[in-house]
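Only one structure is covered here, and it is reproduced in the block below.
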Amino acid sequence: MGTKRCFALILSAAFVTQANVAGAETLVLNSYGGPYEAIIQERIIKPFEERHGIDVVYDAVGSAQQDYAKIKATNGRPGFDVAVMTASQSLQGCKDGLLEKLAVAEIPNLASLSPGLSSAAGPCGAVHEVQYLSLLYRTDKLTSAPVSWADLLDPQLTGKIILPTFQNIMAVYLLEMMSLSNGGDLIDNIDPGFDAMAKVSAQSVGFEQSSAILESYVRDGSVWAMPFWNGRAQLLVDEGVPVDYIRPREGTIPLIATLNIPVGAANKDAAVKFIDFFLEKSSQEGWVTGYRVGSARTDIDVPAELQRRQVQSVAGDKSLHLPDLMLLQAKLPEWAERWERDVVPHAN
Amino acid sequence: MSSLALDSSPPRTRRRFTGWFSYLALSPSLVVLAIFFALPMGIMIGMSFADPQTLSPTLDNYHRFLTDGLSLAGFCRTAIMSLLVAVCVTALGYPVAYFLARSRTRWRAVVFALALSPELAGVVLRTYGWLIILEDRGFINDVLLYLGLIASPLPLSKNLFAVVVGLTHVVLPFGILSLMTSIQGIDPNLERAAQMLGASRLSVIRFIVLPLSVPGIVSSMLIAFTMAASAYATPALLGGAGFKVLATMIYEQVLFYINWPFASVMAISLLVMMLAISFAGVRYESRRRLRTAGAKGDN
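Chains as they are written, first to last, in our numbering: chain A, 533 to 880; chain B, 173 to 471.
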């Protein structure tokens, strides 16, 4: 091929690419990797792109808190249009003026969400899924199924527990539940929680931050029990790993996941359309059956067996304890220090 | 001799032009340094005196750093870890560097490639490699357990040992290059002369090569120390929750607690540590040079 011809081909390719870029609307979605990414791509993003003709660029970098740090560092212009975070970041971002307030006029499906869950996330977050902290255990290793958070102290679990690091919100929720189970409360009287966590830490083989790594310990059988989000736990059950999970008798804390729009998002129209699409009845059914989580919509049709183990509303469910997330956020630095001093050194 | 013959300096106008030209040539680097180094550094120092909530001026962040116990422990951990890595890199790198500097065989190219090969893989990849080897369920423990030599896994990961091993592997090529350059600068005839006068190979290394390669040793120690002290990925992966160094603690403060003022204090403490070590190294080397020059003058 001659040089001129080759040059002409490159030029034409560049023009075609440019034309495509100019023609299609784009949405940058910041979310998670792993099984989450595979399921959201198939069940939400692909149908959304087909219906609206909007290209979704998927950014799987960072946890919810890391994404919020990026939003804060860039003063609301983090380079993505929609962030998948949790109610904690939604409330904080709204307070800091870094997240857009979402209105039913623009996102009609917001009206179909459980009012209790919606209010827990505040006006800047659209609740697209609900999970809870469950106790995951190996069914082939334990002689009897655990029923309580206190079962983490069972002697048969010595050296057979892995714990999340404090930077993973699972650790904070576990600390709070241990506090509640031992006579303390969720925020002000947390001392019983730290005392109990020191004992649980002594049972553990250490700490890991990522859910994927935590999961690997249970998969290979070196760990027999650990706290885990129920959605991820259900995926393991469905995969055929010899595990099951419980909502302990003392109750648990829900993880309210939200979709948020940073104030400086470049493609706000597309972001609004995406959130409304994600909250649609059919999308929620696809998401709940795919990622095995709860929905804030009460009108979805999913198998009863799946629905039975999920959270749909915080109101009236006495087994769910929801701390004041803003107070919790303020307590984290102080608790992190105590965790490093009183809990981490006890691990094996 | 006439004064004309002695005055060999360039004419004044040419000198002035050369001076201006030097400044002009330096200006792009100075601008880049000012924008990307001095300015952020200034912002960071300013931020370290700000209250995390109100941003009003305060010394509380420094007070917390010095009194909470955890931060100073992280500081000491970082210093000990970096010192061990510097010693390991220099001790392991020296024989390799000597071989590379002196060898004329075809193996030189092979050893050179092998010495630098760790740099071909990313830090995270190499660190995960060590994790697979060192963790409780890793290669070493599996083999030892299989052979019945141990009853339970040895604590090889999530501690100082693992981090030092991982970082030594990461930093070793830089230490080797630094030592090699220094050893190459030593005249090989000195070694030959010593041997001809009856010195053993070991004596030549001990009394000729080692003293003359001190600048390379200092440089290798400084490079290894600063690289280890500022490393994040390796301590985060191999140290785990039980072994936190300043770099991992800064990361947590920035991304999880969004407490940038306190993160700034930690970053400044890390900077002070590295500057102090660099200053001590350079000062030691210049004093040694002066002593050597003095000894030569006495002779």
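The C-beta atom is built at its ideal place from N, Cα and C for all residues, glycine as well. Small disclaimer: the values here were computed from a predicted structure and weren't measured.
Checklist entry - Would the beta-carbon of residue 658(A) be found less than 7 Å away from any heavy atom of the ligand MN? => result Ligands in the displayed structure: none, and consequently the ligand MN is not present.
Item to check | Continuous alpha helix (DSSP H) stretch holding residue 823(A): start and end | outcome: 813-823
Checklist entry - Which stretch, first to last residue, makes up the alpha helix (DSSP H) that contains residue 392(B)? => result In this chain, the alpha helix (DSSP H) harbouring residue 392(B) covers 386-402.
Item to check | Below-8 Å beta-carbon distance, residue 857(A) vs any chain B residue | outcome: no
Item to check | From 194(B), 190(B), 199(B), 218(B), residue whose alpha carbon lies closest to that of residue 440(B) | outcome: Checking every option, the nearest Cα to that of residue 440(B) belongs to 218(B).
Checklist entry - Contact check, residue 778(A) vs residue 667(A) under 8 Å by CB: the rounded distance? => result 5 Å
Checklist entry - Just reading off the alpha helix (DSSP H) that residue 302(B) is part of, what are its end residues? => result 295-306
Checklist entry - What did DSSP end up calling residue 588(A) once you bin it into helix, strand or coil? => result strand
Checklist entry - If contact means a Cβ-Cβ distance below 7 Å, which residues of the stretch 209-233 of chain B contact chain A? => result none
Item to check | Test item: CB-CB of residue 246(B) and residue 427(B) under 8 Å | outcome: no
Checklist entry - Helix or strand or just coil, what does DSSP make of residue 826(A)? => result Assigned with DSSP and collapsed to three states, residue 826(A) falls in strand.
Next on the checklist: Counting only Cβ pairs nearer than 7 Å, list the residues of chain A close to residue 430(B).
Outcome noted: 601, 604
Checklist entry - Which residues, in chain order, does the stretch 714-747 of chain A contribute to contact with chain B at a C-beta distance below 9 Å? => result Flagged, chain order: 737, 738, 739, 740, 741.
Item to check | Straight-line Cα distance separating residue 210(B) from residue 226(B) | outcome: 25 Å
Checklist entry - Thinking C-alpha only, which one of 754(A), 632(A), 634(A), 575(A) is nearest residue 689(A)? => result Minimum Cα distance to residue 689(A) is reached at 754(A).
Item to check | Residues that residue 663(A) bridges to, as DSSP identifies them | outcome: 787(A)
Item to check | residue 603(A) beta carbon less than 8 Å from that of residue 558(A) | outcome: No, these two residues do not count as a Cβ contact at 8 Å.
Next on the checklist: Measuring straight from C-alpha to C-alpha, what distance separates residue 671(A) and residue 761(A)?
Outcome noted: The straight-line gap from Cα to Cα measures roughly 17 Å.
Checklist entry - From residue 289(B) to residue 654(A), what does the alpha carbon distance come to, in whole angstroms? => result Linking residue 289(B) to residue 654(A) through their CA atoms gives a straight-line distance of about 53 Å.
Checklist entry - Considering only C-alpha positions, which residue in the set 807(A), 852(A), 870(A) is nearest to residue 572(A)? => result 807(A)
Next on the checklist: Let me confirm a value: residue 357(B) is counted as buried when at least 16 other C-beta atoms fall within 10 Å, else exposed. Which label applies?
Outcome noted: exposed
Checklist entry - From residue 877(A) to residue 462(B), what does the alpha carbon distance come to, in whole angstroms? => result 48 Å
Next on the checklist: Quick check on residue 380(B): does DSSP put it in helix, strand or coil?
Outcome noted: helix
Next on the checklist: Given this structure, state the Cα-to-Cα distance separating residue 412(B) from residue 696(A), to the nearest angstrom.
Outcome noted: Between the C-alpha atoms of residue 412(B) and residue 696(A) there is a straight-line separation of about 11 Å.
Checklist entry - Does the separation of the CB atoms of residue 593(A) and residue 561(A) fall below 8 Å? => result no
Checklist entry - Under a CB-based cut-off of 8 Å, is residue 410(B) close to chain A? => result no
Checklist entry - With a CB to CB cut of under 6 Å and the five nearest residues on each side skipped, what residues in its chain are close to residue 243(B)? => result 237
Checklist entry - Of the residues that make up the stretch 290-320 of chain B, which ones have a beta carbon closer than 9 Å to any beta carbon in chain A? => result 308, 309
Checklist entry - What's the call for residue 759(A), buried or exposed, on a 16-neighbour Cβ count within 10 Å? => result buried
Next on the checklist: Strictly by DSSP, which residues pair up with residue 792(A)?
Outcome noted: 615(A)
Checklist entry - Do you know how far the Cα of residue 640(A) is from the Cα of residue 612(A)? => result 23 Å
Checklist entry - What residues in its chain sit with their C-beta under 7 Å from that of residue 425(B), if we drop five residues either side in the sequence? => result 431, 434, 435, 438, listed in sequence order.
Item to check | Limits of the unbroken beta strand (DSSP E) element including residue 883(A) | outcome: As displayed, chain A neither begins before 533 nor continues past 880, which places residue 883(A) out of reach and without an answer.
Next on the checklist: Just to make sure I have the definition right: I need the residues of chain B whose C-beta is within less than 8 Å of the C-beta of residue 688(A). Which are they?
Outcome noted: None at all; the shortest Cβ gap to chain B is about 17 Å.
Checklist entry - Helix, strand or coil for residue 431(B) per DSSP? => result coil
Checklist entry - CA-CA distance, residue 554(A) and residue 609(A)? => result Note that residue 554(A) has pLDDT 48, beneath the 50 cutoff, so the model's placement of it is unreliable and the number below is only indicative. One C-alpha to the other measures close to 22 Å.
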